[in-house]
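Chains as they are written, first to last, in my numbering: chain X, 202 to 516; chain V, 10 to 241. Before any comments, here is the structure.
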Amino acid sequence: MLIKHSCDVAAADITPRGVYLRRRDFMAGAAGLALAAVAPIHAHAAPLAAAKSPLSTTDEPLTPRKDIISYNNFYEFGTDKDDPAKNAHTLTTKPWTVKIDGLVGKPAAYNLEDLVDTAALEERVYRMRCVEGWSMVIPWVGLPLAAILKKAEPQGSAKYVAFETLVRPAEMPGQKGFGQPLPWPYVEGLRMDEAMHPLTIMAVGLYGETLLNQNGAPFRLVVPWKYGFKSIKSVVRISLTETQPPTTWSKSNPREYGFYSNVNPAVDHPRWSQATERRIGESGLFVKRRPTLPFNGYGDQVAGLYAGLDLKANY
Amino acid sequence: MRGWTSKPTTEMARPPPTLARHLLGSDPLRRAIYIVGLMPAVWTFYLGLMDQLGADPQNVLERTLGLWALRFLILTLAITPLRRLGGPNWIRYRRTLGLLGFYYAALHLTVYLVLDQGLDGAAIWADIVKRPYITVGMLAFTILVPLAVTSNNASIRRLGGTAWAQLHRLVYVAIAAAALHFVMLAKVWAVEPLCYAAIVAALLAYRLAVYLRPRHQKRRATEAVAPARSAR
């Protein structure tokens, strides 16, 4: 799949060689990942080739890689921001199978490689807005979720997509012991039209390398117009359903978190304002808040999905 | 037992302290506590300037200052139980620790107002009236202001020991609000804030137990919360 680029992408930025190499590179990356199992955390990332996508956000500087890989919410590895980077190396991500079931023509446990092979890998630069009031700009590598769902042949009755994160307490220290912060597995969901939207991707890498475990390796959702917690990590199951699936944060605190969780500066979190955000990696100690944009700045592409929906009631 | 009786009464006639003496005190050990006590603030700010506080340095600075405010307030409340349960008598340093707690709370608030909110009056006001954890935090700080202002011997003289002691019992409300503020800002029931809340609850429960004790035993307990005039 070769994408015609609009004029805002420089000719030098187009990397067509990645298109035909992509599968081989992903496989090589996965092999490198296995070889690097005994090396320090950073060695886990292996290079990935990907074509730059015209759907990328192009007008903002990228958040430094060191911040993206060290400042994470991934409660399966602990609740502090630096816990995932400290603890996630224990997770084995090879082999990785993803069960696709529910209202699909071809339910099966798919090998990750076979799912990733359904479309060309693309680099998508997206803003990521956390519900806590901070944001990043991340160069993801991934492919449209739509391509993966089509492989499993969705049935006409499917209205929602449910996602599930791995449960493996032996390798996920946040899932064992006293005082678990959330019920496991972590589950998330999208409406079918949200899942099929071209902006919605499953990411396998960032900054041109395979995902590190703290970022949701090996396979995670990215929905850039919703708060970060919707973009579920380390996905092992995708189910198509007729009814709206439960989602972890709204189960945990339904007053504060709803199913939609679209980024919306006009609808505050009950405990804090969502009008502004702090961009991570920008200006250090003296970083100034910037206004949060409706749908995280992707309103032109996605606002139509919610025509007629009361966004205050459906937060 | 009563620390202040050992000091000569002539001390009461001293002129009001200068600002430097008000901030640092004249006792060398007390000065040392101030200097060591302010090190976490200086060090964290330095690390922030050197870009050594991770991805969200402003948040780390804000939280570190708030956490030290709570820690110093806990120490002030620990002094009486420590002495009465057979430990050493550190009443001489209670004012120092209390003022350190206030200074940290003031720095914490300053980072929130200036760095975090950029002195955006509308956003700050909206936070105070609409966000319960900010309301509770502001309540804690507001209570600490008159306590800090009257943390000197001149104020004890002016108010009289009983009224002064009654005023300073407001620290119980302030510390409860501070602990609640910490618990309320986490997205889930987090272990660390709950541990601090448990410590605060234990220290307040101790006061309540003393208050509910039969009258003949209560006299000694009242002495325990009387102002420490030796603190100057």
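Note that the Cβ used here is the ideal one computed from N, Cα and C, for glycine as well.
Contacting residues, own chain, Cβ-Cβ under 8 Å from residue i (five flanking each side not counted)
{"i": "Thr444 of chain X", "result": "Lys360 and Tyr361"}
{"i": "Val158 of chain V", "result": "Ser164"}
{"i": "Ile152 of chain V", "result": "Leu179, Val180, Val182, Ala183 and Ala186"}
{"i": "Val120 of chain V", "result": "Gln67, Leu70, Glu71 and Leu74"}
Chain-ordered chain V contacts of residue i [CB-CB under 9 Å]
{"i": "Ser271 of chain X", "result": "Gly63 and Ala64"}
{"i": "Trp335 of chain X", "result": "Ala64, Asp65 and Asn68"}
Cut-off 7 Å between Cβ atoms - residues of its own chain near residue i, not counting five sequence neighbours on either side
{"i": "Asn497 of chain X", "result": "Arg328, Arg330, Pro425, Trp426 and Val464"}
{"i": "Tyr428 of chain X", "result": "Arg330, Cys331, Val332, Ser462 and Val464"}
{"i": "Lys300 of chain X", "result": "Ala310, Val437 and Arg438"}
{"i": "Leu108 of chain V", "result": "Ala157 and Ser160"}
{"i": "Leu148 of chain V", "result": "Ala186"}
{"i": "Ser545 of chain X", "result": "Lying outside 202 to 516, the shown extent of chain X, residue 545 of chain X is not represented and no answer is given."}
{"i": "Ile349 of chain X", "result": "Leu316, Thr319 and Met403"}
{"i": "Pro202 of chain V", "result": "Phe191, Val192 and Ala195"}
Cross-chain neighbours of residue i in chain X, by beta carbon under 7 Å
{"i": "Tyr113 of chain V", "result": "Correct list: empty, because the minimum Cβ distance to chain X is about 17 Å."}
{"i": "Val138 of chain V", "result": "Per Cβ cutoff of 7 Å: no residues; Val138 of chain V is ~12 Å from chain X at best."}
{"i": "Gly110 of chain V", "result": "Within chain X, no residue comes near Gly110 of chain V; the closest Cβ sits about 23 Å away, beyond 7 Å."}
{"i": "Leu153 of chain V", "result": "In chain order: nothing, as chain X lies at least about 23 Å away."}
{"i": "Ala206 of chain V", "result": "In chain order: nothing, as chain X lies at least about 14 Å away."}
{"i": "Val200 of chain V", "result": "Gly380"}
Contact list for residue i against chain V, beta-carbon separation under 7 Å
{"i": "Ile481 of chain X", "result": "Ala64 and Asp65"}
{"i": "Arg490 of chain X", "result": "Gly127"}
{"i": "Trp297 of chain X", "result": "Residues of chain V passing the Cβ test: none, with the nearest at roughly 27 Å."}
{"i": "Asp268 of chain X", "result": "Ala64"}
Chain-ordered chain X contacts of residue i [CB-CB under 9 Å]
{"i": "Gly75 of chain V", "result": "Simply none; closest approach about 15 Å."}
{"i": "Leu118 of chain V", "result": "Here the premise fails: no neighbours, minimum Cβ distance about 16 Å."}
{"i": "Met193 of chain V", "result": "Arg472"}
{"i": "Val197 of chain V", "result": "Tyr276, Thr280, Pro382, Leu383, Ser453 and Asn454"}
{"i": "Ala132 of chain V", "result": "Ser474, Ala476, Thr477 and Arg490"}
{"i": "Leu124 of chain V", "result": "Leu486, Phe487, Val488 and Lys489"}
{"i": "Asp36 of chain V", "result": "In chain order: nothing, as chain X lies at least about 34 Å away."}
Within chain X, partners of residue i - CB distance below 8 Å
{"i": "Pro141 of chain V", "result": "Arg472"}
{"i": "Gly57 of chain V", "result": "Gly485 and Leu486"}
{"i": "Ala135 of chain V", "result": "Ser474"}
Spatial neighbours of residue i in its chain, beta-carbon cut-off 6 Å, leaving aside the 5 residues before and after
{"i": "Leu367 of chain X", "result": "Ser435 and Val437"}
{"i": "Tyr458 of chain X", "result": "Trp450 and Ser451"}
{"i": "Arg266 of chain X", "result": "Tyr408"}
{"i": "Gly406 of chain X", "result": "Leu249, Val342 and Leu412"}
{"i": "Gly482 of chain X", "result": "Thr264, Pro265 and Asp268"}
{"i": "Ile242 of chain X", "result": "Confidence is the limiting factor: at Ile242 of chain X the pLDDT is only 44, short of 50, which leaves the residue's position unreliable, though a coordinate-based value still follows. Correct list, in chain order: His290."}
{"i": "Gly279 of chain X", "result": "Asn288 and Gly375"}
{"i": "Ala114 of chain V", "result": "Ala78, Phe150 and Leu153"}
{"i": "Thr105 of chain V", "result": "Arg39 and Ile42"}
{"i": "Val338 of chain X", "result": "Glu261, Leu263, Thr264 and Arg328"}
According to DSSP, residues forming a beta bridge with residue i
{"i": "Asp469 of chain X", "result": "DSSP output for Asp469 of chain X lists no bridge partner at all."}
{"i": "Ala252 of chain X", "result": "X:Glu323"}
{"i": "Ile439 of chain X", "result": "X:Ile301 and X:Phe364"}
{"i": "Val388 of chain X", "result": "X:Glu365"}
{"i": "Pro447 of chain X", "result": "Pro447 of chain X is not bridged to any residue."}
{"i": "Glu478 of chain X", "result": "X:Arg491"}
{"i": "Asn98 of chain V", "result": "None, per the DSSP bridge assignment."}
{"i": "Asn463 of chain X", "result": "X:Lys427"}
Closer than 6 Å: residue i CB and nearest the ligand ATP heavy atom
{"i": "Pro386 of chain X", "result": "As presented, the structure is devoid of all ligands, the ligand ATP included, so that no description of it is given."}
Beta-carbon neighbours of residue i, restricted to chain V and to distances below 8 Å
{"i": "Asp284 of chain X", "result": "Here the premise fails: no neighbours, minimum Cβ distance about 12 Å."}
{"i": "Asp511 of chain X", "result": "Those do not exist, as Asp511 of chain X stays about 21 Å from chain V at its closest Cβ, beyond 8 Å."}
Query raised in the report: Would you say the stretch 413 to 420 of chain X touches the stretch 272 to 290 of chain X, given that touching needs at least three Cβ pairs under 8 Å?
Result: yes
Query - Continuous beta strand (DSSP E) assignments of at least 3 residues falling wholly in the stretch 400 to 428 of chain X - result: 402 to 407 and 421 to 423
Query raised in the report: On the three-pair Cβ rule with 8 Å, is the stretch 163 to 182 of chain V touching the stretch 119 to 133 of chain V?
Result: no
Query raised in the report: Three or more C-beta pairs closer than 8 Å, one from the stretch 81 to 98 of chain V and one from the stretch 202 to 221 of chain V: is that the case here?
Result: yes
Query raised in the report: Does the pairing of the stretch 374 to 386 of chain X with the stretch 348 to 357 of chain X give three or more beta-carbon distances under 8 Å?
Result: no
**Report entry** Entirely enclosed beta strand (DSSP E) segments - the stretch 301 to 368 of chain X, minimum 3 residues
**Finding:** 309 to 312, 323 to 330, 335 to 345 and 361 to 366
Query raised in the report: Taking three-plus beta-carbon pairs below 8 Å as touching, is the stretch 186 to 202 of chain V in contact with the stretch 79 to 90 of chain V?
Result: yes
**Report entry** Touching by the beta-carbon criterion (3+ pairs, under 8 Å), the stretch 314 to 325 of chain X and the stretch 264 to 284 of chain X
**Finding:** no
**Report entry** Within the stretch 128 to 178 of chain V, ranges of the alpha helix (DSSP H) (whole runs, at least 4 residues)
**Finding:** 130 to 139, 141 to 158, 162 to 168 and 170 to 177
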